[in-house]
Each structure stands twice: as structure tokens, then as C-alpha cells.
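Trainee:
Residue numbers (our numbering): 22 to 567.
1. Bridge partners of residue 339, per DSSP?
2. Using three-state DSSP, classify residue 84 as helix, strand or coil.
3. Between the Cα of residue 362 and those of 235, 335 and 375, spot the shortest distance and give me the residue it belongs to.
4. Measure how close the beta-carbons of residue 89 and residue 448 come, nearest whole angstrom, since I'm counting them as under 8 Å.
5. Is it buried or exposed, residue 231, if we count other Cβ atoms within 10 angstroms and call 16 or more buried?
6. Assuming residue 55 and residue 494 form a contact by the criterion Cβ under 8 Å, report the distance between their Cβ atoms to the nearest whole angstrom.
7. Do residue 476 and residue 450 count as a contact pair if the criterion is CB distance below 7 Å?
8. Which term fits residue 136, buried or exposed, when burial requires 16 or more other beta carbons within 10 angstroms of its beta carbon?
9. Residue 57 lies in the alpha helix (DSSP H); which residues open and close that run?
10. Measure the C-alpha to C-alpha separation of residue 216 and residue 248 and round it to an integer number of angstroms.
11. If you run the structure through DSSP and keep just helix, strand and coil, what is residue 28?
12. Within this structure, are the beta carbons of residue 110 and residue 141 separated by less than 7 Å?
13. Just curious, the beta strand (DSSP E) that residue 133 is in, first and last residue?
14. Going by DSSP in three states, residue 278 sits in which element: helix, strand or coil?
15. Taking the straight line between their C-alpha atoms, what separation do you get for residue 42 and residue 341?
16. Have a look at 229, 132 and 386 and flag the residue whose alpha-carbon is nearest the alpha-carbon of residue 160.
17. For residue 195, which residues from the same chain have a beta carbon less than 7 Å from its beta carbon, with the 5 sequence-adjacent residues on both sides left out?
18. How long is the line joining the alpha carbons of residue 191 and residue 35, rounded to whole angstroms?
19. Less than 8 Å between C-beta atoms, sequence neighbours within five positions excluded: which residues of the same chain meet that for residue 308?
20. DSSP puts residue 389 in a beta bridge; with which residues?
21. Quick test of your reading: residue 233 and residue 546, contact by CB under 8 Å. State the CB separation rounded to the nearest angstrom.
22. If you draw a straight line from the C-alpha of residue 491 to the C-alpha of residue 39, how long is it?
23. Please confirm whether residue 383 and residue 343 have their CB atoms less than 7 Å apart.
24. Output the distance between the C-alpha atoms of residue 75 and residue 143, rounded to the nearest integer angstrom.
25. With a cut-off of 8 Å on the beta carbons, I'd call residue 398 and residue 441 a contact; round off their distance for me.
26. Between which two residues does the alpha helix (DSSP H) carrying residue 326 extend?
27. Whole angstroms is fine: what's the gap from residue 193's alpha carbon to residue 346's?
28. Could you check how far apart the C-beta atoms of residue 454 and residue 544 are, in whole angstroms? I think they sit under 8 Å.
29. Where does the unbroken beta strand (DSSP E) through residue 152 begin, and where does it stop?
30. Compute the Euclidean distance between the alpha carbons of residue 427 and residue 553, then round it to the nearest angstrom.
31. Could you give the first and the last residue of the continuous alpha helix (DSSP H) run that contains residue 452?
32. Mapping the DSSP letters down to three states, classify residue 473 as helix, strand or coil.
33. For residue 76, report the span of its beta strand (DSSP E) as first-last.
34. Which of helix, strand or coil does DSSP assign to residue 412?
35. So, is residue 556 buried or exposed, given that buried needs 16 or more other C-beta atoms within 10 angstroms?
36. Rounded to whole angstroms, what's the CA-CA distance from residue 501 to residue 481? Just pull it up for me.
Below, the structure is given as C-alpha cells:
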């Protein structure tokens with residue numbers, strides 16, 4: 022049964038993370054908005070007039086998280102099907118693939134997460150090995166970065182002319198246009214039930230993790246218009262996180278499709294380049310472990326035209342750019358659009374750059390000048406950073422250590438919005454905050470408070486919703502309740518005492534995210550006054566929402 026949104030709810034006896042009162046222990050919600058925050062003593066005045074009282078028993082209340090970059094269908098397929106992210110070897114991946122292929126009942130099968138850099142064999146499966154494992158099944162397996170993939174012969178046969186496309190490999194992983202083609206074929210052959218179940222699984226997992234809002238980054242090379250339309254419809258008809266769609270397609274047709282679908286931007290995963298793991302991120306200097314500089318999908322002129330058209334249409338533009346050459350092309354293109362339309366007009370749209378990993382001091386300053394939002398994924402550093410990680414293997418230690426400079430971004434005044442790029446890295450909001458606060462390169466670390474803000478209010482600001490993502494009177498009541506350890510004020514510098522519990526600081530505390538400490542457990546998630554997850558009633562709520 023759908024919960025009424027005109028109810029009055031009093032939460033008391035806990036800790037409320039609010040700049041309106043750093044010592045707040047109670048919060049009153051009226052309908053879809055926060056009405057008041059304050060002390061338990063003052064809350065007694067409301068106790069007899071509300072529809073529900075939530076006894077927090079010391080729990081923490083925070084704004085709900087925003088994941089600013091997800092792919093819901095692919096994430097759900099990994100949640101409900103074949104997920105290879107924790108495979109320890111090529112042999113194990115093939116064994117799991119064989120078991121998964123045995124479940125084939127029509128349509129297509131999709132799996133995710135293989136990463137040959139983590140395996141002792143240091144290579145991907147060959148086509149012959151994949152066919153031997155999966156049999157005569159149309160199967161697609163995306164690499165962990167989703168910029169290359171494996172396809173069985175049965176799936177390849179569904180793509181006429183595949184062998185003539187850039188990135189085709191007759192025996193191994195596919196990249197570039199060939200990869201996009203087999204991915205599109207696999208998604209096109211999903212049954213409606215497969216798609217809905219996958220999307221629903223993502224929405225439920227997000228709600229269970231305290232995520233109240235998702236930015237879906239769709240596009241013709243990553244999903245389909247039908248996929249985005251189905252997701253937006255599902256989110257509207259079920260109690261769960263809000264979903265805002267981005268459609269990453271170039272030109273007037275892309276803008277028209279974005280408008281038709283109700284997307285908030287013609288961007289997201291509009292690829293300027295690929296990914297470091299697949300050697301397709303576009304660099305100025307060659308990869309350390311390859312004799313090329315990656316792949317450029319868009320140039321500055323095309324970017325300028327798209328930003329100009331989006332600005333004139335009143336839509337956000339957005340680009341996927343990881344390598345330093347790709348980021349430079351985005352800056353050049355956006356600057357050209359600003360020269361044509363006026364800087365203030367372009368800045369007002371808050372155009373986005375997804376990932377922006379190899380940003381340099383020069384392009385960082387240009388982001389600030391042009392008002393670009395950096396939609397970034399701290400879990401990338403946790404997964405692939407450090408002197409022994411994939412980044413160092415691809416780029417060498419010095420270039421790898423310069424990636425994802427979150428502290429420098431904040432110092433320059435860049436708006437940051439944190440996300441997961443799920444299924445590339447899993448939905449894991451507190452893990453994301455921890456990854457930013459304990460970046461593998463110490464000078465790139467930011468405070469837990471700044472990281473938390475980027476993963477809550479930052480995602481709302483990226484949409485232009487400046488008043489959301491904060492628990493103050495009048496704000497939208499989208500929040501989560503957490504079972505957690507002691508609250509602290511955590512600083513990013515390990516050379517000094519890294520945290521404080523001194524109440525005189527007047528700064529509201531957050532959980533201690535020091536690596537090794539348990540992450541908070543979500544007890545309840547509320548979106549615009551409606552409970553979308555409650556840990557003690559998750560099964561009943563899931564059944565009712567279907």
C-alpha cells in the first residue's frame with residue numbers, strides 16, 4: 022500500500038545532521054518537507070499532534086544520498102545474474118559463465134565485471150573459450166569499465182557487418198564501435214520481464230543503501246531510448262528513489278530524443294573517449310603498457326556545436342571524458358560555445374563532465390571558469406589507484422598519482438557530484454565517501470564532510486536543485502536513518518589527529534569512516550516524505566511495491 026505523503030512524522034532521540042542545528046536530536050516532517058529540527062525537549066510540543074513518532078534510539082538521520090551516475094539495467098542484471106567482479110582467475114570466470122549459460126531461457130544473457138588485470142593469467146577469455154563455456158547462447162560480458170566486452174559467436178551473429186567495425190577482434194574482446202554494436206544487440210534481445218526485473222532490483226538496492234536519487238546516464242551506445250523510457254516509467258509508478266535521466270546523443274536528434282523522453286540533459290555518457298582499463302581513454306602521451314594514446318570519439322568542434330545547441334534548447338550538455346586529451350577537448354569545445362553565446366549563458370546551464378579523471382591544473386581552472394560540474398567516482402581510485410593498481414600499470418606511477426585530484430578540485434571551486442557509475446563500481450554511498458576521504462594519493466584527500474556533501478547536496482545542485490539535499494526547515498524531506506558508530510568530525514590529513522569529537526566545534530558529526538571500521542547500516546530511507554525502504558519490513562514493502 023502506497024504511503025500517504027500528507028502525513029506528519031516526528032523523529033526523536035537520535036542525531037540529525039543539519040546545519041540549522043549541529044546539536045539537533047529530533048526532526049519534524051510535514052508532508053514532503055522538513056518542518057523543524059531541534060532538541061528532544063522542544064520536540065515534546067509536537068508529540069501529540071503527529072501521525073507517527075519514530076524513536077531513533079540513537080540513530081543518525083542524514084539527507085538521502087544521490088548517485089550522480091548509474092546504469093540501472095546493467096546494474097540490475099549484475100545484481101540478479103552473472104557478476105564477475107570478484108572472480109580470482111580466468112578459470113573461475115569461465116566456470117561461472119558456464120553455469121550462467123545453463124540458465125538460458127530465451128532473449129539474451131548479460132554479465133558484467135571481468136577484469137584480466139586481477140587474474141594470474143593476465144588475459145581475457147578467447148572467443149573459443151567463451152563459446153566452450155556458454156554454448157550456443159547469445160551472451161555479452163562487459164569488462165569492469167564497460168568500455169570493452171566479450172560476445173559469444175551466437176551474439177556476434179546477430180550483428181551483421183560486425184567484422185568491419187572499428188574495434189573488432191575475431192578472437193578476443195571487442196572495443197569501440199564493435200563493442201557498442203554487440204552491447205546494443207544484447208540489450209535489444211532482453212525480454213521486457215528481464216529489463217523490468219533488472220531495473221527494479223537496482224531501485225530496491227539503492228533504496229536499501231539510503232540512496233534517494235539516481236542520475237541515469239543513458240544513450241544509444243550504452244542502452245536505448247526504450248530502456249530509459251521504461252526506467253523512468255518504473256520509477257514513477259513504484260515507491261523508490263527518484264530517477265533523473267540523461268540521454269547521451271549528439272546533435273539535434275539527440276536533443277529531440279532527450280526532450281521526448283523527459284530527460285534533464287542531452288549528455289551523461291556522450292563519449293569523448295573510452296576508459297583507461299580498456300586502453301581507450303584519450304591521452305596526450307602514450308600508455309606506459311601500450312604504444313598508442315587511446316581513442317578520441319569527439320573533437321572540440323563537435324563538442325562546441327553540442328554545447329551550443331543544448332544551451333539554446335535549455336538542456337544540460339554532458340560528456341564522458343577520462344583522459345587528459347579528452348578533457349582538454351571538452352574545455353576547448355565549451356569555451357568556443359561560451360565565446361559564441363556568452364559565458365554567463367553557458368555557465369548558467371551547469372554543463373557536466375563525467376569522470377574527469379586525468380584533469381590537469383590548467384583544465385581544472387578552465388572547469389571553474391566555465392562553470393562545469395565534475396561528476397566523479399571516488400571508488401575508481403579505491404579500485405584501481407595506488408602504486409600497484411591498474412592506473413599505475415597503464416600510465417606509470419607519476420601519471421597515475423595525479424588522477425582524481427578531489428582536493429584540488431574543491432580548492433578551485435569546482436562543483437562536485439559523486440556517483441558510482443554502477444555497475445562499473447557497486448552502489449555503495451558510504452564506501453564512496455570513504456574512498457574520497459582516504460584517497461590512495463594523500464594530497465587528493467578531502468574531509469568526510471566535503472565528500473558527504475558531494476554525494477548528497479552535490480547531486481541535487483548538478484540538477485539545479487540548490488535547495489535540496491539538506492535537512493533544514495522548508496527543504497524536501499528526503500532522508501535516511503542509520504545505525505552507526507560514534508560520530509566524529511573527520512579531517513583528511515593523517516599527519517595530525519584526523520578527527521574530533523569536541524562539541525564546541527559546532528560542526529555536526531558523521532560516522533567514523535576510517536578503513537576497517539564498519540560502514541553505517543541503513544534502517545530507513547524516505548523520499549519526499551514517503552518511506553521507500555525500512556529494514557525491518559523490507560520484504561513486505563518489496564512485495565507491495567510490485
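Ideal placement from N, C-alpha and C gives every residue a C-beta, glycine not left out.
Mentor: In short, the structure shows the following:
1. For the purposes of this step, residue 339 is identified with residue 318 of the chain shown, where counting begins at 1. 373.
2. Counted from its first residue, the chain shown places residue 84 at position 63. Note: residue 84 maps to strand in three-state DSSP.
3. Looking up residue 362 in the chain shown gives position 341. Of the candidates 235, 335 and 375, the one whose C-alpha sits nearest the C-alpha of residue 362 is 335.
4. Mapped onto the chain shown, residue 89 falls at position 68. Mapped onto the chain shown, residue 448 falls at position 427. With 8 Å as the limit, residue 89 and residue 448 do not qualify as a contact, their Cβ atoms being about 12 Å apart.
5. Start at 1 with the first residue of the chain shown, and residue 231 comes out as number 210. Label assigned to residue 231: buried.
6. Position 34 of the chain shown, counted from the start, is the residue given in the question as residue 55. Position 473 of the chain shown, counted from the start, is the residue given in the question as residue 494. With 8 Å as the limit, residue 55 and residue 494 qualify as a contact, their Cβ atoms being about 6 Å apart.
7. Here the question's residue 450 lines up with position 429 in the chain shown. Here the question's residue 476 lines up with position 455 in the chain shown. Contact: yes.
8. In the chain shown, the residue the question calls residue 136 occupies position 115. With a 10 Å radius around the Cβ and a threshold of 16 neighbouring Cβ atoms, residue 136 comes out buried.
9. In the chain shown, the residue the question calls residue 57 occupies position 36. Unbroken run through residue 57 is the beta strand (DSSP E), 54–59; no alpha helix (DSSP H).
10. In the chain shown, counting from the first residue as 1, residue 216 sits at position 195. In the chain shown, counting from the first residue as 1, residue 248 sits at position 227. When rounded, the distance between both Cα atoms is 8 Å.
11. Translated into the one-based positions of the chain shown, residue 28 becomes position 7. Coil.
12. Translated into the one-based positions of the chain shown, residue 110 becomes position 89. Translated into the one-based positions of the chain shown, residue 141 becomes position 120. Yes, Cβ-Cβ distance for residue 110 and residue 141 is below 7 Å.
13. By 1-based counting over the chain shown, the position of residue 133 is 112. Counting along the chain, the beta strand (DSSP E) containing residue 133 begins and ends at 130–135.
14. As a working note, residue 278 is residue 257 in the chain shown. Residue state, collapsed to three classes: helix.
15. Looking up residue 42 in the chain shown gives position 21. Looking up residue 341 in the chain shown gives position 320. The straight-line gap separating the alpha-carbon atoms of residue 42 and residue 341 is approximately 39 Å.
16. In the chain shown, the residue the question calls residue 160 occupies position 139. Among 229, 132 and 386, the Cα nearest to that of residue 160 is on 132.
17. Mapped onto the chain shown, residue 195 falls at position 174. The residues are 169, 170, 172, 188, 189 and 203.
18. Here residue 191 refers to the residue found at position 170 when the chain shown is read from its first residue. Here residue 35 refers to the residue found at position 14 when the chain shown is read from its first residue. Approximately 60 Å between the Cα atoms of the pair.
19. The sequence position of residue 308 within the chain shown is 287, counting from 1. Closer than 8 Å at the Cβ level, and outside the excluded window around residue 308, lie 300, 314, 315, 415 and 416.
20. By 1-based counting over the chain shown, the position of residue 389 is 368. DSSP output for residue 389 lists no bridge partner at all.
21. Counted from its first residue, the chain shown places residue 233 at position 212. Counted from its first residue, the chain shown places residue 546 at position 525. Between residue 546 and residue 233 the Cβ distance is about 6 Å, and since that is below 8 Å, they are a contact.
22. Working through the chain shown from its first residue, we reach residue 491 at position 470. Working through the chain shown from its first residue, we reach residue 39 at position 18. Each residue's Cα considered, the two are about 7 Å apart.
23. Along the chain shown, read from residue 1 onward, the residue named residue 383 stands at position 362. Along the chain shown, read from residue 1 onward, the residue named residue 343 stands at position 322. A distance of 7 Å or more separates the beta carbons of residue 383 and residue 343.
24. The sequence position of residue 75 within the chain shown is 54, counting from 1. The sequence position of residue 143 within the chain shown is 122, counting from 1. Roughly 52 Å between the two C-alpha positions.
25. Taking the first residue of the chain shown as 1, we reach residue 398 at position 377. Taking the first residue of the chain shown as 1, we reach residue 441 at position 420. Right, their Cβ atoms sit about 6 Å apart.
26. On the chain shown, residue 326 is found 305 positions in, with the first residue counted as 1. That run of the alpha helix (DSSP H) goes 321–334.
27. The residue given as residue 193 occupies position 172 in the chain shown. The residue given as residue 346 occupies position 325 in the chain shown. In a straight line, the C-alpha of residue 193 is about 27 Å away from that of residue 346.
28. Here residue 454 refers to the residue found at position 433 of the chain shown. Here residue 544 refers to the residue found at position 523 of the chain shown. Actually they are not in contact, since the Cβ atoms of residue 454 and residue 544 sit about 18 Å apart, beyond 8 Å.
29. Residue numbering aside, residue 152 sits at position 131 when the chain shown is read from its first letter. For residue 152, no beta strand (DSSP E) encloses it; the enclosing alpha helix (DSSP H) starts and ends at 148–155.
30. Here residue 427 refers to the residue found at position 406 of the chain shown. Here residue 553 refers to the residue found at position 532 of the chain shown. Roughly 32 Å separates the two Cα atoms.
31. Position 431 of the chain shown, counting from 1, holds the residue named residue 452. Start and end: 450–458.
32. Mapped onto the chain shown, residue 473 falls at position 452. Assigned with DSSP and collapsed to three states, residue 473 falls in helix.
33. Translated into positions along the chain shown, residue 76 becomes position 55. That run of the beta strand (DSSP E) goes 73–76.
34. Along the chain shown, one-based indexing puts residue 412 at 391. DSSP places residue 412 in helix when its eight states are reduced to three.
35. Counted from its first residue, the chain shown places residue 556 at position 535. Exposed, by the Cβ-count rule.
36. For the purposes of this step, residue 501 is identified with residue 480 of the chain shown, where counting begins at 1. For the purposes of this step, residue 481 is identified with residue 460 of the chain shown, where counting begins at 1. Going by the C-alpha atoms only, they are around 16 Å apart.
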